[in-house]
Each structure stands twice: as structure tokens, then as C-alpha cells.
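Numbering (this note's numbering), first residue to last: 1 to 145.
We put the CB at the ideal spot given by N, CA and C, even for glycine.
Note that the coordinates shown come from a computational prediction; the quantities given were computed from them, not determined experimentally.
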């Protein structure tokens with residue numbers, strides 16, 4: 001079997017693995033493997049084929065990392081909407097006792113606390129937005145009127 005055929009098969013397997021896992025980096029490595037196949041077609045030695053595959057694959061991953069920076073987020077997990085689907089949802093609070101209350105949310109009774117930074121006078125009956133979930137306590141803030 002020709003060297004280029006092996007390279008193309010490896011590139012194809014990397015693409016299939018990427019489709020199964022959803023990680024875009026495997027696609028970049030498949031690009032490097034395709035570069036090794038092209039080097040084999042051009043008649044380069046196996047050592048140069050490996051170097052071409054490594055340089056292209058690693059370069060593609062580095063470029064991808066550079067153009068797709070991950071946003072730095074300082075959110076705690078209990079206040080991160082990507083971690084908890086309740087963050088950002090609203091609920092009705094009918095009666096407050098100081099800074100805490102009981103409210104029905106998603107078919108169950110929850111303990112509710114007013115988020116720090118809001119005056120106790122803000123604890124009036126009405127709609128509130130969930131800002132964090134700490135254990136079984138919903139930390140809320142008033143919604144804008």
C-alpha cells in the first residue's frame with residue numbers, strides 16, 4: 001500500500017472521530033494528516049512526510065487557538081447560566097419576611113433570598129429574576145419594571 005493511501009486513511013479516520021466527538025481540533029489534525037498525504041504524493045521521504053504532517057497539524061491547531069479565544073469568565077458555578085438552567089428565569093414572590101421568602105417555582109416550594117446589594121425595602125411582592133442557586137435557595141433580584 002502506498003504511503004499516501006495510509007495518510008489519506010488516517011486523515012479520514014480523524015475526520016470520522018471528529019464527527020463522533022464534536023471536537024474541532026481533530027479536524028485540524030486531519031488537515032495535518034492530509035498534508036502528510038500530499039507530501040507522500042510529491043515523493044518526499046517518510047521523515048519529511050511526518051514533519052509536514054506535524055507542522056501542518058500543530059500549526060492549524062495553534063491558529064485555531066489564536067483565532068478562537070475562550071472568553072474569561074469570573075462567574076461562580078452557582079451563578080453561571082451555562083451550568084444551571086434556572087439562572088435568568090423569573091418567579092413570582094408574594095410575601096417576604098425580611099430578606100427571605102418562600103415561592104413556588106417549577107412546581108415546588110423554594111426558599112428565596114434577596115441578592116446582596118439590594119435594600120430590604122426592595123423585598124416587595126412581585127416578579128424576581130434568579131441570579132444564583134445556592135443549594136436549595138434561589139438568590140433573586142427585582143426585575144426591571
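- Counting C-beta atoms within 10 angstroms of its own C-beta, residue 28 has 16 or more neighbours from the protein chains shown and is therefore classed as buried.
- The alpha carbon of residue 67 has as its nearest neighbour, out of 48, 104, 53 and 25, the alpha carbon of 25.
- For residue 90 and residue 96, the gap between their C-alpha atoms comes out near 16 Å.
- At the C-beta level, residue 133 and residue 115 stay beyond 8 Å of one another.
- If you ignore the 5 residues before and after residue 105, its C-beta comes within less than 7 Å of the C-beta of 91 and 138, all in its own chain and listed in chain order.
- Judged by beta-carbon spacing, residue 30 lies within the 8 Å limit of residue 15, meaning their Cβ atoms are closer than that value.
- Spatial neighbours of residue 58 in its own chain (CB-CB distance under 8 Å, excluding positions within 5 residues in sequence) are listed in chain order as 32.
- For residue 60, same chain residues with a beta-carbon under 8 Å away, outside a window of 5 residues either side, are 28, 29, 31 and 32 in chain order.
- By the 16-neighbour rule on beta-carbons within 10 angstroms, residue 45 is exposed.
- In this structure, 142 is the residue among 142, 129 and 80 with its C-alpha nearest to the C-alpha of residue 120.
- Residue 110 is bridged by DSSP to 103.
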